[in-house]
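Line by line, the protein sequences are chains L and G.
Numbering-wise, this note's numbering comes out as the position in the first sequence, counting from 1, plus 173.
Numbering-wise, this note's numbering comes out as the position in the second sequence, counting from 1, plus 304.
Notes follow once the structure below has been shown.
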Amino acid sequence: MSDIQRVPWWRDRRVVPWLVQGAVGVAILVVIALLLGNLVRNLTAAGLLLTWRWLGQPASFDVAESLIPFDASMPYWRVLVVGLVNSLRAIVVGLVGATVLGTAVGMAAFSGNGLLRRLARVYVEVIRNIPLLLQLLFWYFVVFLALPNSTAALQWPGVVLSKSGLYLAWFADGFQWQGPTLVNDVWRAPLRLSVEFSALITGLITYTGAFVAEVVRGGIAAVPRGQWEAATSLGLHWSATMRTVVLPQALRVIVPGLNSQYISLAKNSALAVAVGYADLYSVSETTLNQTGRALEVFLLLLGAYLLIDLVISVLMNGVNQLVQIRER
Amino acid sequence: MTTSSSPPLLPPRPAPPSARRSWRGALRQELFATPLDGVISVLLLAALLAAGVGFWHWAFRQAQWAVIQANTTLFAVGRYPLLQQWRLWLLVTLAAATIGASWGLLRSHPRADRSGTLWPINDLVAIAVLAFVAAWLPVALKLPVPLQLRWWAITALLLVLRGVSGQWGQLVPRRLLRFLPLLWPALYLFGMVLIAGGLGVPRVPPSEWGGLLLTLLMASFAILLSFPIGIVVALGRRSTLPLLRWSSVLYIEFIRGAPLITLLFLGQNILGYMLPGGWAPDRVWRAAWVLTFFCGAYLAEAVRAGLAAVPVGQLEAARSLGLSVPQALRHVVLPQALRIALPATVGQFISLLQDTTLLSLIGLLDLLGTARTVMANPEFLGKNAEVYLTLAVLFWCCCAALGLGSRALERRLDPSHSPT
């Protein structure tokens, strides 16, 4: 073979991938080295180089609500844990609520009642096209802060709603069902939710519920019509059809879709800072303002949210394997 | 619970054309098929009626819309210097002219190979809605008369250009029409110069942009720049070269794992340390870049799904015809993948437009940030409902319009609908 016909080395199929990767690798390395170098240099100059010792210093700011005991003399790591627990509380309540609401609305899209069907559609279209932050602010400032005072609180059996919070009946003093009672113009109840928390979860649930409804609707629509017809002609009632025939098949489509909605709910819970709920992001921001430790706070935030996402994904993968139909 | 609306819970099937019922029969079928359905319908109707009456009463009796009417300029452009606002008026006029001309030209040159019409589907309805909104809104907002006249003139310009180019657009040769898409980027770049200054016009620093102007700027900037990022990263993620694949995966998972607010936090508090002194952009631009890279990661996932949906045979066929990999991607694979990814892409753009509201949390005066400063003004204290409702309607209209446009584009690009 003569030299003229030989492929030049820079077009050799064995060389090209290495050339490309080498170029990309060098570019990435240079950028990262530049950024990290600057970061280290600037942080050293500012006296803020990575250290975790400040976590042990007293936080000296208070948190409005906390599930675990906390006061301002406790260290920073403790306040971050308080924020994390508050975040998890909002996420768990939001997940359950959004799933229930979304499933109901998603199934309403197949209702025989035309009005119900259209209302479900309107709900989804209205909610999805309005920013979540705007909705949260609306729930907090327009709905919950405009509630009447304790003396004129809205009352239903077992539920009291006033400007100072949402009071619910729950088990107290050894499994005794106990409702809210008014003592000296102050409501007391086994379960009290602050208005901030109520506004946050109301917003998260109604917002995520619309997305869950779309996932559920898509899942049910993916079940072939013949399945409905076969079940009906076997004499199954609607609820039996739904429970034993349609839902098990729809779940295969629904569960992966739910996973991403759950993760986005978990991330959206960080908007709690807008309504004054002391979630992880909110206490982190205060911590940053007091200590100036931007990098450490960011790394903690990132790690916490990645962990939450991971846990949700692992759980949902488990659920996904449960609902997959085992074929012989 | 919806499970109660009992029997025919089969997905609604379109009625056969012969069985045409009267509206009364239809109403009965839809709302009162069974006693239970009837009860549900009556309850829902009552609730809707009560809500409607209550809202009507609030909106026309109790609500004080002065908070909107007195602050229209603030909501529109924030604290943009008064003496420089002629630049924005010029930009709006140019945009209206471009819209009108493009609209008319596209209508006068219907493409034979595409059956679906572009949005808006019905021109007369679109013109009527536009004219109504343009006539009513300046009056409802109680703008000063000169401003009202300006808006009416701008709308008239749009409609006249639509009419003229629709009527005589065929005189424009098709070769020239090819340059029509270039008009838009040119307008965008010129608009950026007009807004920011430079090239002889005085500079207006980003800290003085605000309101709807800042929201639209941020959203459009991030949308335009995140698109190439998304395509490159999606290709990288599907690449066979491990380094490309793993760096793409790392980027996507890092961005998608963190809430946007923490990334904005990174941009505001840490980015400044990572760049050489003096390189760090202004707070507004930092947020814009964060939004761009944020949106890029999500777009990459949308494009990747589109790429995965294109059969491998397409690439193989293109390669065996002698196209190089970049050529095959550009002419064969990407056009199909991007068409499949279109709904997800537009969905991402819509959510980006909504995500710009988060800028208010880091102290920027976007539409929501401006609104919050307005409500902090003692004169308008407690007017939350009016302001939030207005913003919600505004965002809803923008997002719904994007969604409608996307669906029209989808139909138009759908190869199964084209006559060939």
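Even glycine gets a Cβ: it sits at the ideal position worked out from N, Cα and C.
- Within a 10 Å sphere around the beta-carbon of Glu-458(L) sit 16 or more other beta-carbons, which makes this residue buried.
- Remark: fewer than three beta-carbon pairs, one from each stretch, lie closer than 8 Å, so the region 391-399 of chain G and the region 702-716 of chain G are not flagged as touching.
- Taking 9 Å as the threshold, the shortest C-beta distance from Lys-336(L) to chain G does not fall below it.
- In terms of Cα proximity to Gly-256(L), the closest of Arg-365(L), Gly-382(L), Pro-363(L) and Thr-460(L) is Thr-460(L).
- With at least 16 other beta carbons inside 10 angstroms of its own, Ile-372(G) counts as buried.
- The beta-carbon of Gly-256(L) is placed no less than 9 Å from the nearest beta-carbon of chain G.
- Residues of the region 196-219 of chain L that bring their beta carbon within less than 7 Å of a beta carbon in chain G comprise Val-197, Gly-198, Ile-201, Leu-208, Asn-211, Leu-212, Asn-215 and Leu-216, in sequence order.
- Taking C-beta atoms as the reference points, Leu-274(L) and Ala-696(G) fail to come closer than 9 Å.
- Pro-248(L) has Pro-231(L) as its beta-bridge partners, per DSSP.
- Gln-351(L): member of the beta strand (DSSP E) spanning 349-351, first to last residue.
- Taking the C-beta atoms as reference points, Pro-363(L) is found nearer than 9 Å to Leu-341(L).
- Burial is judged here by how many other beta carbons sit within 10 angstroms of a residue's own beta carbon; Gln-497(L) has fewer than 16 and is exposed.
- Rounded to whole angstroms, the separation of the alpha carbons of Leu-208(L) and Ala-232(L) is 31 Å.
- Taking C-beta separations shorter than 8 Å and ignoring five residues to either side along the sequence, the partners of Val-297(L) in its chain run Val-278, Ala-383, Ala-386 and Glu-387, following chain order.
- Annotation for Val-236(L): Phe-243, Val-252, Val-255, Ala-451 and Val-456 place their beta carbon closer than 7 Å to its own, counting only its chain and skipping 5 residues before and after.
- Closest by C-alpha distance to Pro-330(L), out of Leu-202(L), Gln-351(L) and Ile-393(L), is Gln-351(L).
- Judged by DSSP secondary structure, Gln-400(L) falls within the alpha helix (DSSP H) whose first and last residues are 398-406.
- Beyond the five residues adjoining it in sequence on each side, Gln-230(L) comes within less than 7 Å, by CB distance, of Pro-248 and Tyr-249 in the same chain, given in chain order.
- Among the residues of chain G, those whose CB is under 8 Å from the CB of Val-193(L) are Leu-545 and Leu-548, following chain order.
- Taking the Cα of Leu-474(L) as reference, the smallest distance to any Cα among Leu-407(L), Arg-187(L) and Tyr-454(L) is reached at Tyr-454(L).
- A distance below 6 Å between beta-carbons, with the five flanking residues on each side excluded, links Arg-301(L) to the following residues of its chain, in chain order: Ala-383.
- At the C-beta level, Phe-379(G) and Ala-523(G) stay beyond 9 Å of one another.
- Only those residues of the region 560-575 of chain G whose C-beta falls short of 7 Å from the nearest C-beta of chain L are listed: Gly-561, Ala-562, Pro-563, Ile-565, Thr-566, Phe-569, Leu-570, Asn-573 and Ile-574.
- If you check the CB distance, Leu-318(L) and Val-368(L) come in under 9 Å.
- Every alpha helix (DSSP H) stretch that sits fully inside the region 467-536 of chain G and reaches 4 residues is listed by chain position as 478-481 and 484-500.
- Burial is judged here by how many other beta carbons sit within 10 angstroms of a residue's own beta carbon; Asp-586(G) has fewer than 16 and is exposed.
- Three or more beta-carbon pairs drawn from the region 526-546 of chain G and the region 604-617 of chain G are found closer than 8 Å, and the two stretches are therefore classed as touching.
- Rounded to whole angstroms, the Cβ separation of Val-419(L) and Val-396(L) is 5 Å, and the two are in contact under 8 Å.
- Beta bridge pairing from DSSP links Thr-354(L) with Arg-361(L).
- Val-396(G) sits in a helix when the DSSP states are folded into three classes.
- Put simply, the region 612-626 of chain G does not touch the region 658-671 of chain G. Fewer than three CB pairs are less than 8 Å apart.
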